[in-house]
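In terms of the working numbering, the sequence shown is numbered consecutively and its last residue is 451.
The beta carbon of each residue, even a glycine, is placed where N, CA and C say it ideally should be.
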Amino acid sequence: MEIDSVQYANISREMLLNKNFLQIYDQGKDYLDKPPLLFWLNALSMYIFGINDIAFRLPSILLAVLAIYSTYKFTLLYYIKEIALLAALVLASSQAMFLITHDLRTDTMLMAWVIFGIWQFSNWLLTKKWISLILAFVAVAFGMMTKGPIALMVPIFSFVPHFLMHRNFKLLFKWEYLMGLIIIIVLLIPMDIGLYQQFDLHPDKIMYEKTGTSGLRFFYWTQSFGRITGESVWRENGYFFFLFENLLWGFLPWILFFIIGLVLEFFNTIKNKFRVQGHEEWISTPGFLITYTALGISNYQLPHYIYTVLPFASIIAAKYIYSLITINENKKLKNTLSIINGFLFSLVLFILIVLLVIPFNLNYYLISILFIIFIIVFGYSVYKQKQLIPKTIQFAVFTILVTNLLLNVFFYPKLLEYQLG
Numbered sequence: 031m032e033i034d035s036v037q038y039a040n041i042s043r044e045m046l047l048n049k050n051f052l053q054i055y056d057q058g059k060d061y062l063d064k065p066p067l068l069f070w071l072n073a074l075s076m077y078i079f080g081i082n083d084i085a086f087r088l089p090s091i092l093l094a095v096l097a098i099y100s101t102y103k104f105t106l107l108y109y110i111k112e113i114a115l116l117a118a119l120v121l122a123s124s125q126a127m128f129l130i131t132h133d134l135r136t137d138t139m140l141m142a143w144v145i146f147g148i149w150q151f152s153n154w155l156l157t158k159k160w161i162s163l164i165l166a167f168v169a170v171a172f173g174m175m176t177k178g179p180i181a182l183m184v185p186i187f188s189f190v191p192h193f194l195m196h197r198n199f200k201l202l203f204k205w206e207y208l209m210g211l212i213i214i215i216v217l218l219i220p221m222d223i224g225l226y227q228q229f230d231l232h233p234d235k236i237m238y239e240k241t242g243t244s245g246l247r248f249f250y251w252t253q254s255f256g257r258i259t260g261e262s263v264w265r266e267n268g269y270f271f272f273l274f275e276n277l278l279w280g281f282l283p284w285i286l287f288f289i290i291g292l293v294l295e296f297f298n299t300i301k302n303k304f305r306v307q308g309h310e311e312w313i314s315t316p317g318f319l320i321t322y323t324a325l326g327i328s329n330y331q332l333p334h335y336i337y338t339v340l341p342f343a344s345i346i347a348a349k350y351i352y353s354l355i356t357i358n359e360n361k362k363l364k365n366t367l368s369i370i371n372g373f374l375f376s377l378v379l380f381i382l383i384v385l386l387v388i389p390f391n392l393n394y395y396l397i398s399i400l401f402i403i404f405i406i407v408f409g410y411s412v413y414k415q416k417q418l419i420p421k422t423i424q425f426a427v428f429t430i431l432v433t434n435l436l437l438n439v440f441f442y443p444k445l446l447e448y449q450l451g
């Protein structure tokens with residue numbers, strides 16, 4: 031439905047039909063915005079499965095699955111299995127995940143490459159397996175071919191504080207990093223050749239209302255760092271809390287657990303005098319906070335930019351949810367959170383039903399029946415004493431599933447009737 035998804039699909043199809051994979055064109059015009067990996071993978075999928083909607087969506091959906099699995103495996107390196115499973119569940123059932131596998135963005139793939147690379151690099155730190163180190167840098171290269179230098183910066187934001195908190199300064203400078211840099215440079219060569227041939231060799235081309243545009247400089251500097259320095263011509267939503275405001279709905283139904291968990295992580299860090307011991311990790315918290323800060327000071331922001339580090343948010347939320355489930359103390363806090371979450375979840379569904387019934391004149395009785403079924407299941411979950419799955423998790427997952435079922439069955443089909451073209 032969104033213009034970006036339509037544009038990405040058309041570019042991928044055009045790339046496949048013209049068999050020109052190094053230079054990117056949009057309806058015959060030079061395209062200089064996103065790196066090529068998204069289009070390469072989509073074109074490959076279309077070549078195998080035909081030019082259709084499923085083929086276009088398949089690469090992003092598969093990489094979303096990789097992101098969920100990598101979140102589980104990374105969390106498992108430092109925490110017990112229950113927390114790892116919770117982190118994967120939180121990520122998989124967040125509203126953002128439903129959105130970016132429906133309205134496809136480069137951020138879906140970027141999220142997968144980033145958390146996969148962080149899992150593999152962490153595994154190398156703990157096991158010294160060379161294959162993990164190689165895969166980590168391959169993931170960084172693929173991430174850069176998906177959305178630029180941010181794929182390299184997020185791991186740096188994550189691991190440098192981890193090394194400093196452990197007081198393990200030797201890990202800041204390792205000869206293996208030079209090997210990794212070579213891997214990245216080699217893998218980026220096809221993209222660099224395409225950019226150089228399409229733009230740097232033709233300084234007379236007019237891009238963004240000016241000539242002399244370097245494709246290499248655009249991707250490695252202007253598109254990312256230029257938004258902070260002011261060099262980029264794009265400016266929109268450039269205030270610090272914009273991404274947080276959108277995270278409030280994008281990370282439903284887990285946002286409350288994440289906020290509390292993040293605050294606790296911050297105070298625990300101060301309490302421990304900015305030091306972690308033994309097998310503890312301090313990767314997910316700084317990975318989220320520093321990345322958010324870097325994106326938050328940018329002059330150009332869109333809601334889905336923060337989705338790159340949703341795996342970190344999922345881990346933070348999962349740790350707090352697990353502590354709520356297993357620790358018998360703070361029963362008042364548990365009850366309060368249950369009431370607040372119950373109210374928020376019910377409010378979300380109520381607003382959605384109103385949006386379905388009033389603008390589109392949908393069957394009021396059918397929607398009402400679905401809402402009543404939800405209330406019955408909710409009541410059963412609240413009052414049943416023994417549950418295999420804790421009530422909080424059960425209710426949250428059920429709410430988000432019902433919400434997206436209503437969106438996909440009723441809301442989106444009706445909305446598409448008003449789309450031009």
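Name, in chain order, the residues that DSSP records as bridge partners for residue i.
i     : result
Asp60 : Tyr55
Met28 : Since the first and last residues shown for the chain are 31 and 451, residue 28 lies out of range.
Report buried or exposed for residue i, applying the criterion of at least 16 other Cβ atoms within 10 angstroms of its Cβ.
i      : result
Val120 : buried
Asn371 : buried
Trp205 : exposed
Asn434 : buried
Asp209 : Here residue 209 turns out to be Met, not Asp, going by the sequence shown. Exposed, because fewer than 16 other Cβ atoms sit within 10 Å of the Cβ of Met209.
Ala166 : buried
Asn457 : Here the chain comprises residues numbered 31 to 451, so residue 457 is not present and cannot be evaluated.
Asp234 : exposed
Arg197 : exposed
Leu200 : It is worth fixing the name first, because residue 200 is Lys in this sequence and not Leu. That one is exposed.
Lys349 : buried
Asn438 : exposed
Lys49  : exposed
Gln227 : exposed
Thr252 : buried
Val184 : buried
Val432 : buried
Glu275 : exposed
Gln307 : exposed
Trp70  : buried
Arg452 : Because residue 452 is not part of the residues shown, which for the chain are 31 to 451, the question remains open.
Val144 : buried
Leu418 : Since pLDDT at Leu418 reaches only 49, below the 50 mark, its modelled position is unreliable, and no value is offered.
His309 : exposed
Leu29  : Examination of residue 29 is not possible in this model, given that the chain is present from 31 through 451 alone.
Leu379 : buried
Trp312 : buried
Gln415 : Because the pLDDT at Gln415 is just 49, under 50, the model does not fix this residue reliably, and the point stays unresolved.
Let's see if you can read the secondary structure: which residues bound the alpha helix (DSSP H) around residue i?
i      : result
Ile147 : It should be pointed out that residue 147 corresponds to Gly in this sequence rather than to Ile. Residues 136-157.
Tyr226 : Tyr226 -> no alpha helix (DSSP H), and no H or E assigned at all.
His192 : 180-195
Asp83  : 83-108
Pro341 : 340-356
Tyr77  : 67-79
Thr176 : 160-177
Asn438 : Neither: Asn438 is in no alpha helix (DSSP H) and is coded neither H nor E.
Leu278 : 272-280
Asn298 : 285-301
Glu112 : 111-122
Leu129 : 125-130
Determine, using beta carbons only, whether residue i and residue j come nearer to each other than 9 Å.
i      : j      : result
Tyr148 : Ser254 : For the sequence presented, residue 148 should be read as Ile rather than Tyr. Not closer than 9 Å, so no.
Phe172 : Leu217 : yes
Phe151 : Pro341 : no
Trp284 : Ile351 : yes
Ser188 : Gly317 : yes
Lys64  : Tyr99  : no
Phe248 : Leu225 : yes
Leu137 : Thr321 : Strictly speaking, residue 137 in this sequence is Asp, with Leu absent from that position. Contact flag unset, no.
Ala85  : Tyr102 : no
Leu116 : Ile423 : yes
Ala324 : Phe288 : no
Met195 : Pro66  : no
Ala426 : Ser123 : yes
Taking 8 Å as the cut-off, is the CB of residue i close to at least one heavy atom of the ligand ADP?
i     : result
Leu93 : This structure lacks the ligand ADP, and indeed carries no ligand of any kind.
Can we say the stretch 95-113 touches the stretch 172-183, given the rule of at least three CB pairs closer than 8 Å?
-> no
If you pair each beta-carbon of the stretch 334-352 with each one of the stretch 272-285, do three or more pairs fall below 8 Å?
-> yes
Between the stretch 52-62 and the stretch 72-82, are three or more C-beta pairs nearer than 8 Å?
-> no
Evaluate contact between the stretch 286-301 and the stretch 86-95, counting only Cβ atoms and requiring at least three cross-stretch pairs below 8 Å.
-> no
The stretch 316-329 in contact with the stretch 124-141 per 3-pair CB rule at 8 Å | no
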